[in-house]
Each structure stands twice: as C-alpha cells, then as structure tokens.
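Note sheet for the following structure.
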C-alpha cells in the first residue's frame, strides 16, 4: 500500500509521459500483493462459518472503490487540477498505510513452516496441480466475460440496439450496482450452502441466459436494462462462492500463493479479450458479443464443477478417515 500510494502521489509531479509510465510500473508492483495478502489474511483470521460473508463484504468494498474512483478523480481534477488531485489521493493512501501499520496485530497470520528438504521447485508444484490450473482458467474466463459486460457494454448496446449513450451507461451502472448488492447476498449464501459450485452455476447461468436473450431477442429498452441488472446481481452472488472454491482448492498455508497465481488469470483474460470484441464491433456484430459471453460463462460453470468435484472428493476422504 505504501509503495502504491507513493507512486500515485508522485504522479502529480511527473514531468513527462515516461516518468508517469515508470511510476505506473511501481504502482503496479505495489498493487500486485493486494489480493494474495488480503485473501490470506481473511482466510486465516475469519472463522470458517463467517468466511463467505467476509469475502462478500471484501468484494463489495472493492466494487464501491471502483465505482467511486472516476467520480472522485474527476471532481478533484475540476477543483484543483489533475496533478494536485492525484497527489491528494496518494497522500490519503499513505494515511491508510499508517493505519494498517497501527492495526498490524489484527492482520498478522501464522507463518507457514516448510518441511525439511522442501525446495522452491517442490513449492512450485502447486501451480501444476490440475485443480489450481482449472482455477486459473476459471478466472481467465471470468475476465473475458467481465470485459464484455463492463468495458464493452455501452458500445455494444449503442451499436446493436440504437439506444442512447445515457441509457447504455444506465445499463452499465445497473449491472455494477446489481453486482455489488449480489456480493452481499452471495456471502450469506456461501456460508449457508456449502456446495459452492452449484451457487456459481446458478448465478452464472442466470447471467448467461440474460446475455443470450439480449443477443437473439428484440427486447424493449426497459426490459433490456432489467435483464442486465438481474444478470449483474446473479453474477455478484457467485463472487464469495468463487473465493470459497479457491480457498478449498488451496493447500494448507498456501492461500496467498494460490490467490496470486489464479488471480493473474484475470489479467491474462483481460489482455486477450479486447481485440476480439473490438473486431466484432468494427464488423457490426455487437449482438454476437452477448452470445459469445453466454458461451464463455457456460465454460466457466463447467470449470467450477471440476474444482468442486475435486473438493467434494477431498471432503469425502476426510470424512472416511475420520470415521474409520
């Protein structure tokens, strides 16, 4: 957090684009530890019966931050200029860093002890586990769908349905708000219902059906926006269960390592997707984006069942050992 905040603070003093790019790399290095660290802390410090709700609140907070960031930066830029505005935000980040240092005792987790003879190569075998690789693929597929349903949603709606930019942006806002609210509900569901792959399947299939309907049916604008909002809520409901699946797939003491790896699937999917979706838009096939997204979500569901099947097998083995 400190490294990230210092980089953002220095954005305001960058004399040229190259310095700004170098600072962005530094900020990226600081950002890279957030997900591995916070999920490792949550998994270690929160009781298993409340972990789904903890994941839900955690993701909801992230959604609020994503939604607030553009508005905050624009407001500051209009008041004091973009340089001063970014430096102010970097300074706030440093204050948050100090708060985290003060609260370090509440964030401390037990260090994992490695067996004698355990090497870096043996630790790296975690990444070659079939289940962990499927988790990586699941996150990559989610990233593909995320780019389609967020970054490309307004352009797809304007191009494919002839609706106004205002209505298209309202649809995107509805999706994001629905998703954020779904994360709260999904946290309760994840704690109540242990078969997380079925929660993922229900939520993503609902979103997939909505995407397919948008792609092939002539829906009124009001119905179109409603379908998108419901799809966002269903999507959000799956997020805590998704994180619970990853937790159950991670070896003991390796949650941070696994999260760091599988979350890089988001970057992988996000990097590959825009050129293809842009190609569809350029060739006047915006509806195909929704059909394509529905197919991607179905693939994500199948990967969730692969992860869930492995975890169910582990639970059954533990039960058998406990009762013999």
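In the numbering used here, the protein residues as written are -4 to 319.
Where a beta carbon is used, it is the ideal one built from N, C-alpha and C, also for glycine.
Report the rounded CA-to-CA distance for residue 25 versus residue -3, giving the unit in angstroms. Cα to Cα, the separation comes out at about 8 Å.
Closest to residue 179 by CA distance: which of 19, 44 and 54 is it? Relative to the Cα of residue 179, the nearest Cα in the group 19, 44 and 54 belongs to 54.
What does a CB cutoff of less than 7 Å around residue 299 pick up in its chain, not counting 5 residues either side in sequence? If we look at residue 299 and ignore the five residues flanking it on each side, its Cβ neighbours are 133, 192, 195, 196 and 240.
Do residue 162 and residue 216 have their beta-carbon atoms positioned less than 8 Å apart in this structure? Taking C-beta atoms as the reference points, residue 216 and residue 162 count as a pair closer than 8 Å.
Decide if the stretch 3 to 10 is in contact with the stretch 28 to 45; the criterion is three or more beta carbon pairs, one per stretch, under 8 Å apart. No: the two stretches stay apart, fewer than three of their Cβ pairs being nearer than 8 Å.
Is the distance from the Cβ of residue 35 to the Cβ of residue 251 below 8 Å? For residue 35 and residue 251, yes; Cβs fall inside 8 Å.
With H, G and I counted as helix, E and B as strand and the rest as coil, what does DSSP make of residue 138? The three-state reading of DSSP puts residue 138 in helix, counting H, G and I together.
Quick test of your reading: residue 101 and residue 260, contact by CB under 8 Å. State the CB separation rounded to the nearest angstrom. Residue 260 and residue 101 do not touch by the CB rule: their CB atoms are close to 30 Å apart, not below 8 Å.
Would you report the Cα separation of residue 304 and residue 124, rounded to the nearest angstrom? Taken atom to atom, the span from the alpha-carbon of residue 304 to that of residue 124 is near 14 Å.
Within 10 angstroms of the Cβ of residue 97, are there 16 or more other Cβ atoms? Answer buried if so, exposed if not. The Cβ neighbour count for residue 97, taken over all protein chains shown within 10 Å, is under 16; the residue is labelled exposed.
Expressed to the nearest angstrom, what Euclidean distance is found between the alpha-carbon atoms of residue 14 and residue 267? Each residue's CA atom was taken as its position, placing residue 14 and residue 267 some 27 Å apart.
Would you kindly work out how many angstroms separate the C-alpha atoms of residue 277 and residue 182, rounded to a whole number? Cα-Cα distance, rounded: 39 Å.
Beta carbon of residue 130, beta carbon of residue 257: below 8 Å? Result yes, Cβ atoms of residue 130 and residue 257 sit closer than 8 Å.
Enumerate in chain order the residues of its own chain whose CB-to-CB distance from residue 314 is below 6 Å, with the five nearest sequence positions on each side excluded. Any reading at residue 314 must be qualified, since the residue scores a pLDDT of 35, below 50, and its modelled position is unreliable; the value itself is stated next. Close CB contacts of residue 314 within its chain, under the 6 Å cut and outside five residues either way in sequence, are absent.
Would you report the Cα separation of residue 85 and residue 0, rounded to the nearest angstrom? One C-alpha to the other measures close to 5 Å.
With distances taken from CA atoms, which of 232, 67 and 148 is nearest residue 87? Proximity to residue 87 across 232, 67 and 148 peaks at 67, based on C-alpha coordinates.
Can you tell me whether residue 65 is buried or exposed? The criterion is at least 16 other CB atoms within 10 Å of its CB, across all chains shown. Of the residues assessed, residue 65 falls on the exposed side of the cut-off, its CB having fewer than 16 other CB atoms within 10 angstroms.
Residue environment, residue 44, which counts as buried when at least 16 other CB atoms sit within 10 Å: Counting Cβ neighbours within 10 Å, residue 44 comes out exposed, since fewer than 16 surround it.
Enclosing alpha helix (DSSP H) for residue 19 [first to last residue]: Residue 19 -> alpha helix (DSSP H) spans 12 to 26.
Give the straight-line distance between the Cα atoms of residue 302 and residue 122, rounded to the nearest whole angstrom. Those two C-alpha atoms are separated by around 14 Å.
Local conformation of residue 249 per DSSP, three classes: Here residue 249 sits in coil by DSSP.
Residue range of the alpha helix (DSSP H) that residue 158 falls in? Counting along the chain, residue 158 falls outside any alpha helix (DSSP H), and DSSP gives it neither H nor E.
Name the two residues that bound the continuous alpha helix (DSSP H) containing residue 36. Segment 29 to 40, the alpha helix (DSSP H) holding residue 36.
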